[in-house]
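In full-length UniProt numbering, the protein residues as written are 1 to 417.
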Amino acid sequence: MSLTDTIIIGAGPYGLSLAAHLKAAGVAHQILGEPMGAWRHYMPPGMLLRSEAFASSLQAPRAGFTLEDYCRLKGLPYRPLGMALPLETFVQYGLWFQANLVGETQTADVLSLRRVGDEFQLSLSDGRTLAARKVVIALGLKGFAQTPPALQGLPARYASHSERYGNLDWARGMDIAIVGGGQSALGLSALLNELGARAHVLMRESHVIWHERPQGGRRLLSRIKTPDAGLGRGWRSLFLSECPGLFHMLDPARRRQIMDHSYGASGAWWLRDRVLGKVQLSHRTELRGAAIENERVVLRVLSDGKEASVSADHVIAATGFRTDMRQHAFLSKELADAISNQGGMPDLSAHYETRVSGLYVIGPASAHSFGPVMRFVYGTKHASPTVARHLTGSLKAGTRQRAWPAAHAPLPERSGE
Ligand SMILES: Cc1cc2nc3c(=O)[nH]c(=O)nc-3n(C[C@H](O)[C@H](O)[C@H](O)COP(=O)(O)OP(=O)(O)OC[C@H]3O[C@@H](n4cnc5c(N)ncnc54)[C@H](O)[C@@H]3O)c2cc1C
C-alpha cells in the first residue's frame, strides 16, 4: 500500500485547482476521480453556464491558465460578461488545465475511507488500497440531491432528479413535467423543448426571476454603485464572492440567514427567450402526490389554491441539493458523525479542515461555512490557495510525526484556531 502526503477525492474544478496548487508547492499527492466527470456526464450537451465567463476559471497557482487564456490560445470567442459560455468549452478548458497543471488523475472511485492509526486508508473500486496523511473531499454536489417525498420511490423510468442529466435524446416526443423554478428547471425545459419534447414546469413561485444581461463598458459611477462580482452584481455579491474568509467569521446564525436568503430560484438572461412563450409554466403550483396510471406519471398538485392533476411520461425533480455528509457511503459512520453537525453539514475551520484533524472538505459542501460562492466554480479562488497553504504548512511543521490515537479511540479533533 502506498502512503502519500495528501489524497484529493474528486477531480472537478475544486479538486483540480487544489491539485495544481499542491503540485506547485511540491506536496506529494494523488487525485482521484474522473477529470471534470460531473460536467462531462451529468450535464446536458448544449447547456450554457450560468456563471459569467470571468467567474468560470479554475484557480491556478500561476498566471496564464484562466478561461480567457484558454480561449485566446484556442481562438475561441471570449467576453468576460454577457457571453453565455457553452458547457463543452468549459469542459475542454478544465481538461486543458489538468493536462498543463495537474497531470494524471486516478479514475477509480473511493469505496471507503477510514482512519487507521495515524493515517487515512482508502479502498478503491479497482481493488487497490491507498494511505495518506491528509485527505481532501471535493465531490461537488454528489449525493446531495433533494427529491420531494411524493416522487421518492417512483420507478426510475417515471421519475428522476436533475442532478444526473447527460444526453436528453431519450425524451424526444415525450411529455416531461419538471418540478422546480430555478436555473436547472428552466434550463432543462428549454433544452427539452428544443429537441422536441413537451416540457411543463411546475413551480411554487409566482413568477420567474430573470437575471438581466450584464453589460460590459459601463461608466465608472455605475460600476462603483453596483460592481460586477463573481456571484452577480452589487456590493453584497462582491462581499460574498471575494470575502469567504470574512463570511466564515460571522456568527453561525447570521451565516444561516444569509444562506437562506441568497441566490434563490432564478433564470439566466440567455434562457428567457428560449422559455417564455415556448414552454408551459405553471406558477404557484405545489406538488402534493404522484402515482403511475396507464404507464404515465400523474402528479397531484395544488395550483393557485385549486387541486389539479398533471399527467406526463416522466417527471424530473429540479428541486436542488442539500449538503449532508452522511450521504457519502464511502465515509465510515464514525468519520461522517465526527465531521458533521446534526444536520449532516461539515463544521469547517478557517482552512476548510473538518473537526477531524487532517480531513478537509472543499466545494459546494463547504458553502454553509464559507458562503454561497462555494456552490460555484468561483469559490476555488479562495479554497485552493487557503487549503494548499494550510496543508503545506502543517506537513512541514511535522504533524506527520504526531501520534494519532488508536483506531478505536475517539478521532482526534483539530486544535483551536
Ligand atoms: C446543472 C448544473 C449547472 C451548473 N452550472 C454552474 C455554472 O454555470 N457555474 C458554476 O460556477 N457552477 C455551476 N454549477 C455548480 C457546479 O456543479 C459546481 O460549482 C462545481 O462543479 C463544483 O466543483 P467540484 O470540484 O466541487 O465538484 P464536481 O465538478 O461535481 O466534481 C466531482 C468529482 O468527484 C469525482 N467523484 C465522484 N464520486 C467519486 C468517488 N466515489 N471517488 C472518487 N471520485 C469521485 C467525479 O468524477 C468528479 O471528478 C452547476 C451545477 C449543476 C448541477
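Heads up, the beta-carbon is just placed ideally off N, CA and C, and yes, glycines get one too.
Exercise. Note down the Cα distance separating residue 350 from residue 245, rounded to an integer number of angstroms.
Key: Counted from its first residue, the sequence shown places residue 350 at position 350. Counted from its first residue, the sequence shown places residue 245 at position 245. Approximately 7 Å, taken between the alpha carbons.
Quiz item: Just how far apart, CA to CA, sit residue 400 and residue 269?
Solution: To locate residue 400, count along the sequence shown from 1; it is residue 400. To locate residue 269, count along the sequence shown from 1; it is residue 269. Per-residue confidence for residue 400 stands at a pLDDT of 43, beneath the threshold of 50, marking its modelled position as unreliable; no derived number is given.
Self-check item: Assigned exposure category for residue 56 - 16 Cβ within 10 Å defines buried
Solution: Translated into the one-based positions of the sequence shown, residue 56 becomes position 56. Residue 56 comes out buried.
Quiz item: Could you give the residue range of the beta strand (DSSP E) that holds residue 286?
Solution: Position 286 of the sequence shown, counted from the first residue, corresponds to residue 286. Start and end: 285-293.
Practice problem: Decide if the stretch 227-237 is in contact with the stretch 305-313; the criterion is three or more beta carbon pairs, one per stretch, under 8 Å apart. | Solution: Between the stretch 227-237 and the stretch 305-313, the count of C-beta pairs closer than 8 Å stays below three; the two stretches do not touch.
Self-check item: Under the three-state DSSP convention, the category residue 119 falls into
Solution: Numbered from 1 along the sequence shown, position 119 holds the residue referred to as residue 119. Three-state DSSP puts residue 119 in a strand.
Practice problem: Grab the span of the beta strand (DSSP E) containing residue 317 for me, first residue to last. | Solution: On the sequence shown, position 317 is the one that residue 317 refers to. Note, residue 317: beta strand (DSSP E), 314-317.
Quiz item: Can we count residue 39 as close to ligand 1, meaning its CB is less than 7 Å from some heavy atom?
Solution: Residue mapping note: residue 39 aligns to position 39 of the sequence shown, counting from 1. For ligand 1, at least one heavy atom lies less than 7 Å from the Cβ of residue 39.
Practice problem: For residue 375, verify whether its CB is less than 7 Å away from any heavy atom of ligand 3. | Solution: As far as ligands go, the structure on display features ligand 1 and does not contain ligand 3.
Quiz item: Considering only residues of the same chain and omitting the five flanking positions on each side of residue 402, which have a CB-CB separation below 6 Å?
Solution: If you number the sequence shown from 1, residue 402 lands on position 402. With a pLDDT of only 41 at residue 402, under the threshold of 50, the placement of this residue in the model should not be trusted; the figure read from the coordinates follows. Answer for residue 402: no residue qualifies.
Quiz item: Whose CA, out of 324, 317, 347, lies closest to the CA of residue 156?
Solution: Here residue 156 refers to the residue found at position 156 of the sequence shown. Measuring from the Cα of residue 156, the nearest candidate turns out to be 317.
Quiz prompt | Of the listed residues 329, 17, 67, 262, nearest to residue 90 (C-alpha basis) | solution = Taking the first residue of the sequence shown as 1, we reach residue 90 at position 90. Nearest Cα to residue 90 within the set 329, 17, 67, 262: 67.
Practice problem: Quick one: residues in its chain with C-beta nearer than 8 Å to the C-beta of residue 197, no 5 flanking neighbours on either side, listed in chain order? | Solution: Translated into positions along the sequence shown, residue 197 becomes position 197. Closer than 8 Å at the Cβ level, and outside the excluded window around residue 197, lie 168, 171, 172, 173, 174, 175, 176.
Practice problem: Would you identify the three-state DSSP class for residue 266, choosing helix, strand or coil? | Solution: Position 266 of the sequence shown, counted from the first residue, corresponds to residue 266. Residue state, collapsed to three classes: coil.
Quiz prompt | residue 232, DSSP secondary structure in three states | solution = On the sequence shown, residue 232 is found 232 positions in, with the first residue counted as 1. In the structure shown, residue 232 sits in a strand (DSSP, three-state: E or B).
Quiz item: Three or more C-beta pairs closer than 8 Å, one from the stretch 17-25 and one from the stretch 376-390: is that the case here?
Solution: Taking a cut-off of 8 Å on C-beta distances, the stretch 17-25 touches the stretch 376-390, as three or more cross pairs fall below it.
Practice problem: Look up residue 3 in the DSSP assignment and say whether it is helix, strand or coil. | Solution: On the sequence shown, position 3 is the one that residue 3 refers to. Strand.
Quiz item: Which residue from 94, 236, 80, 83 puts its Cα closest to that of residue 105?
Solution: Numbered from its first residue, the sequence shown carries residue 105 at position 105. For the options 94, 236, 80, 83, the alpha carbon positioned closest to that of residue 105 is the one of 94.
Quiz prompt | Minimum C-alpha distance to residue 283 - residue among 182, 328, 193 | solution = Within the sequence shown, the letter at position 283 stands for residue 283. Checking every option, the nearest Cα to that of residue 283 belongs to 182.
Exercise. May I ask you to list the residues that DSSP assigns as paired with residue 353?
Key: Reading the sequence shown from its first residue, position 353 is the one you call residue 353. For residue 353, which the question treats as bridged, DSSP gives the partners 360.
Quiz item: Cα-Cα, which of 6, 337, 160, 304 is closest to residue 138?
Solution: Mapped onto the sequence shown, residue 138 falls at position 138. For the residues 6, 337, 160, 304, the minimum Cα distance to residue 138 belongs to 6.
Self-check item: residue 302 - containing beta strand (DSSP E), residue span
Solution: Stepping through the sequence shown from its first residue, residue 302 is reached at position 302. Start and end: 296-303.
Quiz item: Does the distance from the C-beta atom of residue 49 to that of residue 87 stay below 8 Å?
Solution: The count along the sequence shown starts at 1 and reaches residue 49 at position 49. The count along the sequence shown starts at 1 and reaches residue 87 at position 87. Contact flag set, yes.
Practice problem: Pick out whichever of 285, 212, 373 has its Cα sitting closest to the Cα of residue 305. | Solution: Along the sequence shown, one-based indexing puts residue 305 at 305. The shortest C-alpha to C-alpha distance from residue 305 to any of 285, 212, 373 is the one to 285.
Self-check item: residue 396, buried or exposed, once every other Cβ within 10 Å from all chains shown has been counted against 16
Solution: The sequence position of residue 396 within the sequence shown is 396, counting from 1. With fewer than 16 Cβ atoms within 10 Å of its Cβ, residue 396 is classed as exposed.
Quiz item: Start and end of the beta strand (DSSP E) containing residue 135?
Solution: Working through the sequence shown from its first residue, we reach residue 135 at position 135. Its beta strand (DSSP E) spans residues 129-137.
Quiz item: Closest by CA to residue 331, which one among 143, 59, 40, 4?
Solution: Stepping through the sequence shown from its first residue, residue 331 is reached at position 331. Considering only 143, 59, 40, 4, the residue with the shortest C-alpha distance to residue 331 is 143.
Quiz item: Between which two residues does the beta strand (DSSP E) containing residue 176 stretch?
Solution: By one-based count along the sequence shown, residue 176 stands at place 176. First-last of the beta strand (DSSP E) with residue 176: 175-179.
Practice problem: Mind checking who residue 31 pairs with in its DSSP beta bridge? | Solution: Translated into the one-based positions of the sequence shown, residue 31 becomes position 31. In the DSSP output, where bridge partners are listed per residue, residue 31 has 8.
Quiz prompt | Host alpha helix (DSSP H) of residue 159 (start-end) | solution = Taking the first residue of the sequence shown as 1, we reach residue 159 at position 159. Segment 159-161 is the beta strand (DSSP E) holding residue 159; no alpha helix (DSSP H) there.
Quiz prompt | Cross-strand partners of residue 86 (DSSP beta bridge) | solution = Counted from its first residue, the sequence shown places residue 86 at position 86. Looking at the DSSP output, residue 86 shares a beta bridge with 48.
Quiz item: By the 10 Å Cβ neighbour count, where 16 or more other Cβ atoms means buried, how is residue 98 classified, buried or exposed?
Solution: Numbered from 1 along the sequence shown, position 98 holds the residue referred to as residue 98. Residue 98 should be labelled buried.
Quiz item: Ordered along the chain, which non-local residues of its own chain (more than five positions away) have a Cβ less than 6 Å from that of residue 272?
Solution: Here the question's residue 272 lines up with position 272 in the sequence shown. Cβ within range, chain order: 210.
Quiz item: Where does residue 198 fall in DSSP's three states?
Solution: Indexing the sequence shown from 1 puts residue 198 at position 198. Correct three-state label for residue 198: strand.
Quiz item: For residue 346, which three-state DSSP category applies?
Solution: For the purposes of this step, residue 346 is taken as residue 346 along the sequence shown, with counting starting at 1. Of the three classes helix, strand and coil, the one that applies to residue 346 here is strand, per DSSP.
Self-check item: Simplified DSSP assignment, three categories, for residue 111
Solution: Within the sequence shown, residue 111 is the residue found at index 111, counting from 1. In this structure, residue 111 counts as strand in the three-state DSSP scheme.
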